[in-house]
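For the sequence shown, the residue numbers in UniProt numbering are 1 to 187. The beta carbon of each residue, even a glycine, is placed where N, CA and C say it ideally should be.
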Amino acid sequence: MTYYLSTFLDPRYKDFFFDATQAERIRRAVLREGLRLSLDEENEDSDPETPSKRSRLYNEGENVDSQTHKLFWACFEESAIEQPEPTEKQSKNATAQEIAKYTALAKADRKINPYEWWALSTNKNGFPILSKLAKRYLITPASSVYSERLFSEAGLLYEKKRNRLAPERAEKIVFLHHNLPLVDFKY
């Protein structure tokens with residue numbers, strides 16, 4: 001599903017390569033990820049135990065009574081000016097609207113860099129949730145290819161009996177050994 005989401009969030013492709021049922025399934029997955037991202041951000045924002053708040057409320061050298069007094073008034077001020085947080089339904093609607101607006105846009109030029117497209121202020125501000133998802137999904141996937149693989153291949157070529165093999169020739173042999181199967185060459 002990661003590759004589907006990455007393709008959908010690439011402004012050059014969007015849902016171009018998917019049939020209607022796949023595109024709808026991907027839209028639901030993007031909606032789910034957007035909601036998860038929104039809920040994670042809300043939880044981080046509402047966490048009262050952030051270091052900056054703790055340092056602000058508990059300064060060194062203050063006694064317990066003044067700390068309690070300040071803590072009480074800080075809580076009072078927060079609750080007095082606190083605005084109602086968006087509900088899950090409102091977040092879902094906002095994400096769904098972003099997805100609809102994004103798919104309604106024309107596809108980007110194929111030569112454009114998707115990172116640059118999402119970095120544009122109009123796109124970043126117009127699609128705040130999708131731009132955060134794009135940062136998460138439009139990254140180079142990690143791989144684990146051990147470097148000794150190629151070196152061991154060359155090590156098999158250089159034996160005592162082949163000690164006069166030129167490096168250029170050995171490089172060509174290794175190249176052909178790995179790439180001939182890709183063009184369905186039969187030995």
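Next on the checklist: Assuming R136 is part of the alpha helix (DSSP H), what are its boundary residues?
Outcome noted: R136 -> alpha helix (DSSP H) spans 128-137.
Checklist entry - With R12 and K107 assumed to form a contact (beta carbons below 8 Å), what rounded beta-carbon distance in angstroms separates them? => result That pair is a contact at about 6 Å.
Next on the checklist: Taking the alpha-carbon of I26 as reference, which of H178, S6, F127 has the nearest alpha-carbon?
Outcome noted: S6
Next on the checklist: Can you look up R12 in the DSSP assignment and give me helix, strand or coil?
Outcome noted: R12 falls in the coil class under three-state DSSP.
Checklist entry - For F127, is the beta carbon positioned less than 6 Å from some heavy atom of the ligand NAD? => result The ligand NAD is not part of this structure, which contains no ligands at all.
Checklist entry - How far does the alpha helix (DSSP H) with I112 in it reach, from first residue to last? => result Here I112 belongs to no alpha helix (DSSP H), and DSSP marks it neither H nor E.
Next on the checklist: When you compare the CB of S143 with every CB in chain D, is at least one pair closer than 7 Å?
Outcome noted: In summary, chain D is missing from the structure at hand, where a single protein chain is found.
Checklist entry - Between the Cα of N125 and the Cα atoms of E98, E41, N43, which residue gives the shortest distance? => result The shortest Cα separation from N125 among E98, E41, N43 belongs to E98.
Checklist entry - Nearest to I173 by CA position, among R28, E153, E116, N163, is which residue? => result Relative to the Cα of I173, the nearest Cα in the group R28, E153, E116, N163 belongs to E153.
Next on the checklist: Among the candidates E24, E171, P114, S121, whose CA atom is the shortest distance from the CA of R136?
Outcome noted: P114
Checklist entry - In terms of residue numbering, what span does the alpha helix (DSSP H) encompassing F185 cover? => result Taken as a continuous stretch (DSSP letters only), F185 belongs to no alpha helix (DSSP H), as it is neither H nor E.
Next on the checklist: Check this for me: beta carbons of D15 and A23, under 7 Å apart or not?
Outcome noted: yes
Item to check | residue 193, buried or exposed, once every other Cβ within 10 Å from all chains shown has been counted against 16 | outcome: Here the chain covers residues 1 to 187 and nothing more, so residue 193 does not appear.
Checklist entry - With 16 other CB atoms within 10 Å as the buried threshold, where does T122 fall? => result Exposed, by the Cβ-count rule.
Item to check | Status (buried if at least 16 other CB within 10 Å, exposed otherwise) for F175 | outcome: exposed
Checklist entry - What number of angstroms, rounded off, separates the C-alpha of A142 from the C-alpha of K186? => result Each residue's alpha carbon lies about 32 Å from the other.
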